[in-house]
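See structure below.
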Amino acid sequence: GQSLEQPSEVTAVEGAIVQINCTYQTSGFYGLSWYQQHDGGAPTFLSYNALDGLEETGRFSSFLSRSDSYGYLLLQELQMKDSASYFCAVSYSSASKIIFGSGTRLSIRP
Amino acid sequence: NAGVMQNPRHLVRRRGQEARLRCSPMKGHSHVYWYRQLPEEGLKFMVYLQKENIIDESGMPKERFSAEFPKEGPSILRIQQVVRGDSAAYFCASSRGQSSEKLFFGSGTQLSVL
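Heads up: the sequence lines are chains D and S, in that order.
Each residue of the first sequence is one higher than the one before, counting from -9 in the numbering used here.
Each residue of the second sequence is one higher than the one before, counting from 3 in the numbering used here.
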């Protein structure tokens, strides 16, 4: 199968930390990416993991465990502008298409 | 450096007409992906193309939809005899290589079928 699962909604407080999980069921897994999309806007790339472990880019970090078919996006020091939808996406070594999850809508309260 | 360019930004068609959506990838990118997105939903994969080749069209409806990426010019997503259910945002993305870890998205075309 090639389905991805992530929570549909998450709410957090400004300045806090939030983790968005993503699990995938796939064979031929190549890598896990994360994208951000603001309402009415285009998706923009955040991070990519092909190997187990944590990748850090400023306030955002992404983690992958290939053995658990699981990854997460960690957002620190949340700002109001981080309110958006976040998508995990899986790329494949054979089919070469990139499949997106249904997205997690992150709402941030002051 | 121009990003991925999509046009038109908004397209209105009546049922039964044809819709043509264009996508010019980033300079140096030879791989193009098309996705469809309904409001409050995720990005649904449609087709993946290289120059003059369709690599994977497993997400394309069997009828009325076609895509191409010619040697010269933009990639085209063509929808014939549109129906109201085709109304959606259509996003194009490009990458430098196959199974690239990073996709660059265009601003999308919002198709509205009356």
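Virtual Cβ for every residue (Gly too), placed ideally from N, Cα, C.
Predicted model only: the values in this text are computed from it and were never measured.
For Asp88 of chain S and Glu67 of chain D, the rounded distance between their alpha carbons: 40 Å
Residue from S:Leu45, S:Arg16 and S:Leu105 with nearest C-alpha to Ser(-7) of chain D: S:Leu45
For Tyr50 of chain S and Tyr35 of chain S, believed in contact at Cβ under 8 Å, the rounded distance: 5 Å
Supposed close pair Ala74 of chain D, Gln27 of chain D - CB separation, criterion 8 Å: 6 Å
Beta-carbon proximity of Arg22 of chain S to Arg80 of chain S, cut-off 8 Å: The answer is yes: Cβ separation under 8 Å.
Ser26 of chain S versus Ser109 of chain S - alpha carbon distance: Roughly 11 Å between the two C-alpha positions.
Min CB distance Thr34 of chain D to chain S below 8 Å: yes
Extent of the continuous beta strand (DSSP E) run through His33 of chain S: Following the DSSP letters along the chain, one finds His33 of chain S inside the beta strand (DSSP E) bounded by residues His33 to Gln39.
For Lys46 of chain S, three-class secondary structure by DSSP: strand
Cβ of Tyr38 of chain D within 8 Å of any chain S Cβ: yes
Distance between Tyr20 of chain D and Arg56 of chain D (C-alpha atoms, nearest Å): 10 Å
Length of the line joining the Cα atoms of Gly202 of chain S and Gln69 of chain D: The question about residue 202 of chain S has no answer, for chain S in this structure spans 3 to 116.
Where Asp58 of chain S falls: helix, strand or coil (DSSP): Residue state, collapsed to three classes: strand.
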